[in-house]
Amino acid sequence: MPELPEVETIARGVHECVRGDRIVEVWFGSHPQPFKTTPLRQARGLEGRAILAVYRAGKHIVCELSAPDERTSGRGKHRNQRGGDAAAHDVSAQWIVHLGMTGRLLVTTPDAPLEPHTHARLNLASGRELRFVDPRRFGRLDFLDLSRVPGFRAPGADPLTVSGDVFASLFHGRKTPIKAALLNQKLLSGVGNIYADESLFRAGIRPRRLCGRLTRSELEGLRLALIEVLRHAIRLGGSSVSDYVDANGVRGFFQLEHCVYQRGGLPCLRCQTPIKRIVLAGRGTHYCPQCQR
DNA sequence: ATATGGCCCTGGTTGC
DNA sequence: TGCAACCAGGGCCATA
359 MPELPEVETI ARGVHECVRG DRIVEVWFGS HPQPFKTTPL RQARGLEGRA ILAVYRAGKH
419 IVCELSAPDE RTSGRGKHRN QRGGDAAAHD VSAQWIVHLG MTGRLLVTTP DAPLEPHTHA
479 RLNLASGREL RFVDPRRFGR LDFLDLSRVP GFRAPGADPL TVSGDVFASL FHGRKTPIKA
539 ALLNQKLLSG VGNIYADESL FRAGIRPRRL CGRLTRSELE GLRLALIEVL RHAIRLGGSS
599 VSDYVDANGV RGFFQLEHCV YQRGGLPCLR CQTPIKRIVL AGRGTHYCPQ CQR
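FYI, the numbering for the first sequence is 359 to 651, going by this note's numbering.
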């Protein structure tokens, strides 16, 4: 499941591949689930725009788009080109991609074999193609016209840049287990099941501990553990569990460094105690009963 | 207001 | 061996 490190890796890869390219033609599949904005509105909105930048916001991928170039948008071909590219670098729309559980964003050539469950194909002026593939259809696509709505903002703080004070205030006084709070995107945006379990292990904190009962120094330890885990995972290109690959179809390697996630019953890498698996907030949760208190 | 549980989906795994 | 039941889970929604 793509979380912060996987989304960061994909966004960087897509950015490198398609920055400056222009969307010439858009094809969308017939399943309605992936579309927050209707496919027709998204397709009309996307065509003719240049991709200025691609970046991660929480678990979302934001594609920043220029105003449409009337020459390539297919409509308004007869208008004059006064102004030309003057506004080409102003962000006037965003395409938002959330990968859900099994979503992939791939840069391919148009003749690459079409994978099952391909829901979106964006033909680019360079001849490349940007594809959204998602078997389980938990992913979502959205188009934001910035002349009508504000730009995308992640619902919570970014785990990599949040200060110790803000981090502590997010969890202060809450009566929910710390693991559930880590998964709450309105508090921190980007942490999912893998990195919640891994950061709690590295911080030595049991997933069921209530937020309000954690000391300030435990919270600061958790923040630093989280940053360490996320940065390490980004360096290794993310965790390839399920079918995660980056924009070029390359797998990550952080799954080889997991200490607890999906290691239920196996010996703790630090103390050999068997890793426990419980269900918390509806999610499989893994921890070492010896190392985590 | 805040926390919990059901639901959407399909592919891989398990069990008979 | 083959098929069916089960499980995984991010985010959204209804409910307590």
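C-beta atoms are modelled at their ideal positions from N, C-alpha and C, and glycine is treated no differently.
- In the three-state reduction of the DSSP assignment, LEU410 falls in the strand class.
- The beta carbon of ILE368 is closer than 6 Å to those of LEU463, ASP604 and ALA605 in its chain, skipping five residues each way along the sequence.
- With 16 or more other Cβ atoms from the protein chains shown falling within 10 Å of its own Cβ, LYS417 counts as buried.
- Selection GLU615, VAL365, ARG407 and ALA512 evaluated against LYS544 yields ALA512 as nearest (Cα-Cα).
- Here ILE381 is bridged, per DSSP, to LEU482.
- In this structure, ASP555 is the residue among MET459, ARG567, ASP555 and GLY640 with its C-alpha nearest to the C-alpha of ILE633.
- Distance from the CA atom of THR460 to the CA atom of ASP500, rounded to whole angstroms, is 17 Å.
- Sorting ALA408, VAL372 and PRO474 by C-alpha distance to the C-alpha of ILE419 places VAL372 at the top.
- For PHE490, the enclosing beta strand (DSSP E) begins and ends at 487–491.
- One Cα belongs to LEU472, the other to SER388, and the distance between them is close to 15 Å.
- 7 Å or more divides the Cβ of ARG495 from the Cβ of VAL465.
- When CYS629, ARG589, GLY509 and GLU615 are compared, the shortest CA-CA separation from VAL599 is found for GLU615.
- Positions of the alpha helix (DSSP H) runs, each at least 4 residues long and wholly inside the segment 494–576, are given as 522–529, 536–541 and 551–561 in order along the chain.
- Shown here, GLY403 sits in a helix according to DSSP, grouped into three states.
- Within the model, the alpha-carbon separation for GLU422 versus GLY623 is close to 45 Å.
- Around LEU482, the same chain offers VAL376, ASP379, ARG380, ILE381, VAL382 and LEU488 as residues with beta carbons nearer than 7 Å, after the five sequence neighbours per side are excluded.
- Relative to PHE529, the option among PHE559, ASP492, PHE490 and SER575 whose CA is nearest is SER575.
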